[in-house]
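Numbering-wise (the working numbering), the sequence shown opens with residue 6 and increments by one.
Have a look at the structure below before the remarks.
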Amino acid sequence: MSARLRRIGLILVAVLSAASLTACSQGSPGGDGTRSDTEGTLTWYTDDDAQEVDPVVREFTAQTGIKVVLLATEFVAQRLMSESASDVATADVISFAGAPSVLQLESAGYLAKLPASVSAALPDQDPVFVSASGNWFSNQASSWGVFYNTDLVDARHAPTDFRSFLDPYWKGKFSIPISTNDSSIEGYYQIAQEPSLGRDFLTALGKNDPVISGSSGQGVSDVIVGNQLGGITNDNAVWTQIQKGAPLTFAYPSGGTTFSQKYNALTTKATHPRAAEEFLKFLVSKDAATLLSASTGKLSTFPGIPSTPAGRPTISEGKFFPLPAPQSLVDAQPAMAPFLKEAFNE
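Have a look at this one:
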């Protein structure tokens, strides 16, 4: 972990004192005594793709005999709050990105203290990845970068940083992330606060007619098939496709890039707290971290977990923009979302 990011972590620690159910995973009951007769199932809401986290679900069930009912949805926090307000049985464990959402959930009392067994099992990592209140931990992170289709773009036009897409060559030929969800606003806010870029850059970017991708996966797919030639997106979305052999190249801007982490928590209304505790303990294990790194393409926040594919930089090797305090993101959203919609002609 770089010294700059470590300082950023202290800021975050100081501040932080509808899809359908899918993939009810099957596995052989474990023989290690961890299975509960009354809690042989738990419900997990995650904003990761269901197929990407399936290896983790299957391995957990194989080791413990506990089945996981999985809801993969972009709107984890909103779903949890809506169901809780209606007194509907909801998630036991949640995993999601977006600092404003974790602050909102903490403030409203939706997150329970992590069980002592989970806190004790957490690897020694930077303070930015563990809640000072004891309500959550991070195990994955992602950042933005630039990418392009190597079959369609001549090397002399290859993007190397965010400003590359201001070149007239790229007008109408590149995609950028959706601008109105929590994680996207978090990224754009970091860019807007960066002196070398700022709001003027975002306005200029919009004048070059970017295509707004409905998701990072969609943006990457469009570049692979040639609907666009390149773009800005989450690093994990591109690295996953590069590993599959897609004709893509990805670069992290040398001047720095955005940073977003994945929050994992036990809900206060968990109906299967013991099974949830076992699952959270598994998520902090080396086995789970290695599986997630390989299957989701995100960077592990745990020390010693290799990035996928081999040779990709780890978090400690990255250069990131300052992480804003979550409350500043919450305060900025009412103005930031309309600004982005106008800047990007949505």
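Note that the Cβ used here is the ideal one computed from N, Cα and C, for glycine as well.
Is the CB-CB distance between Ser218 and Asp227 below 8 Å? If you number the sequence shown from 1, residue 218 lands on position 213. If you number the sequence shown from 1, residue 227 lands on position 222. Contact: yes.
Is Lys303 closer than 8 Å to Asn232 when the C-beta atoms are compared? Residue 232 sits at position 227 when you count from the first residue of the sequence shown. Residue 303 sits at position 298 when you count from the first residue of the sequence shown. Cβ atoms of Asn232 and Lys303: not closer than 8 Å.
Taking buried to mean at least 16 other C-beta atoms within 10 Å of its own C-beta, is Glu322 buried or exposed? Locating residue 322 in the sequence shown gives position 317, counting from the first residue. Within 10 angstroms of the beta-carbon of Glu322 lie fewer than 16 other beta-carbons, which makes it exposed.
Span of the alpha helix (DSSP H), counted from its first residue to its last, around Ala242: In the sequence shown, residue 242 corresponds to position 237, counting from 1. Annotation for Ala242: the continuous alpha helix (DSSP H) segment containing it runs 240 to 248.
Measuring CA to CA, which of Pro182, Phe65, Lys176 is closest to Val289? Residue 289 sits at position 284 when you count from the first residue of the sequence shown. Of the candidates Pro182, Phe65, Lys176, the one whose C-alpha sits nearest the C-alpha of Val289 is Phe65.
Taking the continuous alpha helix (DSSP H) assigned at Tyr193, which residues delimit it? As a working mapping, residue 193 is identified with position 188 in the sequence shown. 187 to 198 is the extent of the alpha helix (DSSP H) around Tyr193.
Spell out a yes or no on whether the stretch 249 to 263 and the stretch 195 to 205 are touching, meaning 3 or more CB-CB pairs, one atom from each, closer than 8 Å. Touching, yes.
Where does Arg161 land, buried or exposed, given buried means 16+ other C-beta within 10 angstroms? By one-based count along the sequence shown, residue 161 stands at place 156. Around the Cβ of Arg161, a 10 Å sphere holds fewer than 16 other Cβ atoms; the residue is exposed.
Quick check on the burial criterion: 16 or more other C-beta atoms within 10 angstroms. Buried or exposed for Lys267? Your numbering for residue 267 matches position 262 in the sequence shown. Answer is buried; the Cβ neighbour count reaches 16.
As assigned by DSSP and simplified to three states, the class of Val135: For this step, residue 135 is matched to residue 130 along the sequence shown. Note: Val135 maps to strand in three-state DSSP.
Unbroken alpha helix (DSSP H) runs of length 4 or more, entirely within the stretch 67 to 138: which are they? 81 to 90, 104 to 113, 121 to 126
Just to confirm, is the Cβ distance from Ile352 to Ile237 under 8 Å? Past the boundaries of the shown model lies residue 352; the chain is included only from 6 to 351, so the question cannot be answered.
Please name the residue in Val74, Leu119, Arg279 whose C-alpha comes closest to that of Ala137. Within the sequence shown, residue 137 is the residue found at index 132, counting from 1. When each option's Cα is compared against that of Ala137, the closest is Leu119.
Segment limits, beta strand (DSSP E) that includes Lys267: Within the sequence shown, numbered from 1, the residue matching residue 267 stands at position 262. First-last of the beta strand (DSSP E) with Lys267: 265 to 271.
Within this structure, are the beta carbons of Gln332 and Ile190 separated by less than 8 Å? Counted from its first residue, the sequence shown places residue 332 at position 327. Counted from its first residue, the sequence shown places residue 190 at position 185. By the CB criterion at 8 Å, Gln332 and Ile190 fall outside the cutoff.
Could you tell me whether the Cβ atoms of Asn239 and Asn144 are closer together than 8 Å? Taking the sequence shown and counting its residues from 1, the one referred to as residue 239 is at position 234. Taking the sequence shown and counting its residues from 1, the one referred to as residue 144 is at position 139. No, the pair does not count as a contact, with Cβ atoms beyond the cut-off.
Cβ of Leu271 within 8 Å of Cβ of Val133? Reading the sequence shown from its first residue, position 266 is the one you call residue 271. Reading the sequence shown from its first residue, position 128 is the one you call residue 133. Taking 8 Å as the Cβ cut-off, Leu271 and Val133 do not qualify as a contacting pair.
What did DSSP end up calling Ala8 once you bin it into helix, strand or coil? Locating residue 8 in the sequence shown gives position 3, counting from the first residue. With a pLDDT of only 42 at Ala8, under the threshold of 50, the placement of this residue in the model should not be trusted; the figure read from the coordinates follows. Residue state, collapsed to three classes: helix.
Delimiting residues of the beta strand (DSSP E) encompassing Ala146: To locate residue 146, count along the sequence shown from 1; it is residue 141. From DSSP, the beta strand (DSSP E) with Ala146 extends over 142 to 147.
Within the continuous alpha helix (DSSP H) that includes Ile229, where are the two ends? Your numbering for residue 229 matches position 224 in the sequence shown. Ile229 -> alpha helix (DSSP H) spans 221 to 230.
Rounded straight-line distance, which links the Cα of Ala121 to that of Leu75: Position 70 of the sequence shown, counted from the start, is the residue given in the question as residue 75. Position 116 of the sequence shown, counted from the start, is the residue given in the question as residue 121. Cα atoms of Leu75 and Ala121: separation of roughly 24 Å, rounded to the nearest angstrom.
Determine, for Asp156, whether the minimum Cβ-Cβ distance to residues of chain C falls below 8 Å. Here there is only one protein chain, and chain C is not present.
Between the Cα of Ser220 and the Cα atoms of Pro318, Gln198, Val123, Ile183, which residue gives the shortest distance? Numbered from 1 along the sequence shown, position 215 holds the residue referred to as residue 220. It is Ile183 whose Cα lies nearest to the Cα of Ser220.
Examine the Cβ distances between the stretch 308 to 325 and the stretch 292 to 299 and report whether three or more of them are shorter than 8 Å. yes
Spatial distance of Asp156 from Leu234 (CA atoms): Position 151 of the sequence shown, counting from 1, holds the residue named residue 156. Position 229 of the sequence shown, counting from 1, holds the residue named residue 234. If you take the alpha carbons of Asp156 and Leu234, they lie about 9 Å apart.
With a cut-off of 8 Å on the beta carbons, I'd call Lys291 and Val123 a contact; round off their distance for me. Taking the first residue of the sequence shown as 1, we reach residue 291 at position 286. Taking the first residue of the sequence shown as 1, we reach residue 123 at position 118. Actually they are not in contact, since the Cβ atoms of Lys291 and Val123 sit about 15 Å apart, beyond 8 Å.
Only counting the same chain, and skipping five residues up and downstream in sequence, which positions put a Cβ closer than 6 Å to that of Ala117? Residue mapping note: residue 117 aligns to position 112 of the sequence shown, counting from 1. Result list for Ala117: Leu271, Thr273, in chain order.
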